[in-house]
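Just so we're aligned, residue 107 is where the sequence shown starts under my numbering, counting upward by one.
Heads up, the thing below is written out as structure tokens.
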Amino acid sequence: MLHTDQKLLLDYLDLVTGLDQSLPVLDLACGSGRNGLVLAQQGVPVVFADRSVADLDHIKRQLSENAWPGRTWQVDLEQPGSEPLAGLQFSAIIGFRYLHRPLFPALLNAVIPGGLVVYETFTTENRRFGHPNNLDFLLNPGELKTIFRDWQIVFYFEGDLQNPDRNMAQIVARKPGLDNTRRDD
Ligand SMILES: C[S@@+](CC[C@H](N)C(=O)[O-])C[C@H]1O[C@@H](n2cnc3c(N)ncnc32)[C@H](O)[C@@H]1O
């Protein structure tokens with residue numbers, strides 16, 4: 107089932123599904139997989155990464171039952187001293203409602219030139235509406251745009267959203283380089 111707060115991904119679905127799919131898309135800290143499964147349903151191979159075995163088992167079942175492309179990856183993305191994304195390559199990375207700042211350098215490297223990032227999470231302004239309160243999990247004003255300053259910004263938003271009320275930063279950014287749009291001819 108689609109959530110009311112999946113608008114960002116749905117708005118840019120064609121851009122992601124239009125990428126060359128010889129490399130998968132990473133759904134970072136995928137939880138129930140609600141975002142990555144939207145892509146898998148469209149035939150896009152997705153790597154679902156999370157530490158939650160229960161969530162990943164549920165995703166695995168859905169992939170198998172529907173013959174959707176993709177696989178699960180049980181990983182602690184925050185293990186001190188580890189660099190889980192180092193050396194990996196994805197056509198795109200999607201990340202929703204998750205922030206671990208030390209991952210960003212490897213995340214930027216893990217997307218191939220011409221690939222995309224679709225990312226949204228809460229900002230410090232969101233504390234007006236409730237959790238999370240920990241500043242480690244909240245983006246500062248302008249922070250997301252700064253992280254992608256060397257990329258082509260396809261879409262950027264920072265502010266209040268409704269249904270449910272929240273304050274988020276959202277970005278769709280393309281890594282400079284080759285055009286990786288799929289060619290069907
Ligand atoms: C708020 S949920 C968001 C899930 C999903 N992206 C979504 O938008 O529905 C945050 C997710 O981060 C995962 N997570 C938190 N810390 C993690 C870690 N150290 N390594 C891997 N996953 C982690 C949790 O298991 C949870 O599924």
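Glycine included, C-beta positions come from ideal geometry on N, C-alpha and C.
Quantities reported herein were computed from a predicted structural model and do not represent experimental measurements.
From the DSSP output, read off the bridge partner residues of residue 223. Note: residue 223 sits in a beta bridge opposite 199, 279.
query: Does DSSP put residue 176 in a helix, in a strand, or in coil?
result: strand
Exercise. Give me the Cα-Cα distance between residue 166 and residue 135, rounded to the nearest whole angstrom.
Key: 15 Å
*Proximal residues to residue 157 (C-beta, below 6 Å), its chain only, five neighbours per side dropped*: 182
**Prompt:** CB-CB under 7 Å to residue 272, same chain, minus the five flanking residues each way: which ones, in chain order?
**Reply:** 228, 232, 235
query: Is there at least one non-hydrogen atom of ligand 1 closer than 7 Å to the beta-carbon of residue 249?
result: Residue 249 Cβ: outside cutoff for every heavy atom of ligand 1.
Can you find a heavy atom of ligand 1 that lies under 7 Å from the Cβ of residue 183?
Residue 183: yes, Cβ under 7 Å from ligand 1.
Next item on the list: Ignore the nearest five residues each way along the sequence and tell me which others in residue 114's own chain have a CB closer than 6 Å to its CB.
Entry: 226, 276
task = Compute the minimum distance between the beta carbon of residue 140 and the heavy atoms of ligand 1, and state whether it is under 7 Å.
result = Yes, Cβ of residue 140 sits closer than 7 Å to a heavy atom of ligand 1.
Next on the checklist: Give me, in chain order, the residues of the same chain whose beta-carbon lies closer than 7 Å to that of residue 191; leave out the 5 immediate sequence neighbours on both sides.
Outcome noted: 209, 212, 213, 216
Got a sec: does ligand 3 put a non-hydrogen atom nearer than 7 Å to the Cβ of residue 207? As far as ligands go, the structure on display features ligand 1 and does not contain ligand 3.
Any idea if residue 284 is buried or exposed, counting beta-carbon neighbours within 10 angstroms, 16 or more meaning buried? exposed
request  = Flag residue 275 as yes when its Cβ comes closer than 7 Å to any non-hydrogen atom of ligand 1, and as no otherwise.
outcome  = No, Cβ of residue 275 sits at least 7 Å from all heavy atoms of ligand 1.
8 Å Cβ cutoff met for residue 176 and residue 202:
no
Spatial neighbours of residue 108 in its chain, beta-carbon cut-off 6 Å, leaving aside the 5 residues before and after
For residue 108, the predicted model reports a pLDDT of 44, less than 50, meaning its position is unreliable and no value from the coordinates is stated.
When you measure from the CB of residue 272 to every non-hydrogen atom of ligand 1, does any distance come out below 7 Å? no
Worksheet item: By Cβ distance below 8 Å, which residues in the same chain neighbour residue 141 in space, the five residues on each side in sequence not counted?
Response: 112, 115, 133, 200, 202
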